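Protein sequences appear in the order of chains A and B.
First residue of the first sequence? That's -17 in the working numbering, and the numbers climb one at a time after it.
First residue of the second sequence? That's -17 in the working numbering, and the numbers climb one at a time after it.
Positions of the beta carbon are idealized from the N, C-alpha and C atoms, including for glycine.
It should be emphasised that the depicted structure is a prediction, and the values quoted were computed from it without experimental measurement.
There are 2 protein chains.
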Amino acid sequence: MSFIIREGQKEDMKDVLVLIKELALFEKLPKEVEITEEDLIKDGFSSHSKFKTFVAKENKTIIGTALFYERYSTWKGRIIHLEDLIVTKEKRGLGVGLALYKAVLQFAYNLGAKRVVWDVLSWNTNAIDFYKSTGATILDDWQVVHMREKALKNFIEGN
Amino acid sequence: MSFIIREGQKEDMKDVLVLIKELALFEKLPKEVEITEEDLIKDGFSSHSKFKTFVAKENKTIIGTALFYERYSTWKGRIIHLEDLIVTKEKRGLGVGLALYKAVLQFAYNLGAKRVVWDVLSWNTNAIDFYKSTGATILDDWQVVHMREKALKNFIEGN
């Protein structure tokens, strides 16, 4: 098996969306994906693009993607957030995920980012063990908080 | 007591940094703050600014700040991340934090953000109870992962 890693282009977003939906299914929330191919093109490829991607390509097929963007730490400054790292099911265990992971970390290093951060499902022990083996730290004392669209609307309209 | 909330300006960053350092002390990691006033001005007020702030001002004194920026959800699209919400110790419990919190949520709502997210220390039960009371959800099944600067360097140089 041979594949290449390159930065994602507009024409890749259709396949990237397929991978996003595959991951949502793995995370047991397939109906949560509201985003469209048009959104990904508009938001990723404008002058103030909201994210970048790397894609893994085998022959003419996209078999994996990493989607990431900059965030800002008030302690460290510019950091990178890895939002998604996805390899299609039948191509897992072949080094594609590692290659995408390396590509994002190399990008962050070249940028001079002070940290790379992401979230992991606490029951995904394979992923956690892998991340730890590469030097990443799992933070035990922080929790993620979401104010969802409906709750935001309720809060604003009630205050 | 009366105070105003307005968007932070370059000349506020000195006071914002004092608040950032006060929060780091509360979080028991005061030495982790590497950022400088110059960084905050450069990163917050360029054409591709990395964050926005609101500040709470009583007379001529900045007594609180909220620092936030856009992120991107592959499920929902554009979302807002609330990085820090800080009120100086002697002005807590007077509604300053709530006013800053509302300002950020209003900003997110006006932008059409699909979600507002942030992290909370799991032992900060006062904060957790407050967030829940406003409609936010604490995610129990996600953990935050950090690849710190030193680990990133080690990973890149070893691979």
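Residue j beta carbon less than 8 Å from that of residue i
i, j, result
"residue 117(A)", "residue 82(A)", "no"
"residue -11(A)", "residue 34(A)", "yes"
"residue 129(A)", "residue 87(B)", "yes"
"residue 103(A)", "residue 9(A)", "yes"
"residue 5(B)", "residue 68(B)", "yes"
"residue 19(B)", "residue 39(B)", "no"
"residue 54(B)", "residue 91(A)", "no"
"residue 84(B)", "residue 136(A)", "no"
Whole-number beta carbon distance between residue j and residue i, since they are thought to touch under 8 Å
i, j, result
"residue 101(A)", "residue 98(B)", "Incorrect: roughly 15 Å between the Cβ atoms, too far for contact."
"residue -17(B)", "residue 80(B)", "In fact, because the Cβ distance is near 13 Å, the residues do not count as touching under 8 Å."
Local Cβ density within 10 Å of residue i, reported as buried at 16 or more and exposed below that
i, result
"residue 56(A)", "buried"
"residue 59(A)", "buried"
"residue 11(B)", "exposed"
"residue 96(A)", "buried"
"residue 63(A)", "buried"
"residue 17(A)", "buried"
"residue 94(B)", "exposed"
"residue 26(A)", "buried"
"residue 122(A)", "exposed"
"residue -6(A)", "buried"
"residue 32(A)", "buried"
Beta-ladder partner(s) of residue i, from DSSP
i, result
"residue 66(A)", "49(A)"
"residue 54(A)", "60(A)"
"residue 126(B)", "101(A) and 121(A)"
"residue 37(A)", "-12(A) and 47(A)"
Cutoff 8 Å; reference residue i; Cβ partners in own chain excluding five residues on either side
i, result
"residue 147(A)", "Since the displayed chain A opens at -17 and closes at 141, residue 147(A) lies outside it and no answer follows."
"residue 120(A)", "102, 110, 113 and 114"
"residue 124(A)", "none"
"residue 30(A)", "none"
Neighbourhood of residue i by C-beta distance below 7 Å, restricted to the same chain and skipping five residues each side
i, result
"residue -15(B)", "38, 39, 40, 45 and 78"
"residue 70(A)", "1, 4, 45 and 46"
"residue 42(B)", "none"
Beta-carbon contacts of residue i that lie in its chain and below 6 Å, excluding the five residues immediately before and after
i, result
"residue 73(B)", "45"
"residue -8(B)", "23 and 27"
"residue -13(A)", "36, 38, 81 and 85"
CB contact below 8 Å: residue i versus chain D
i, result
"residue 41(A)", "Protein chains A and B are contained in the structure displayed, whereas chain D is not."
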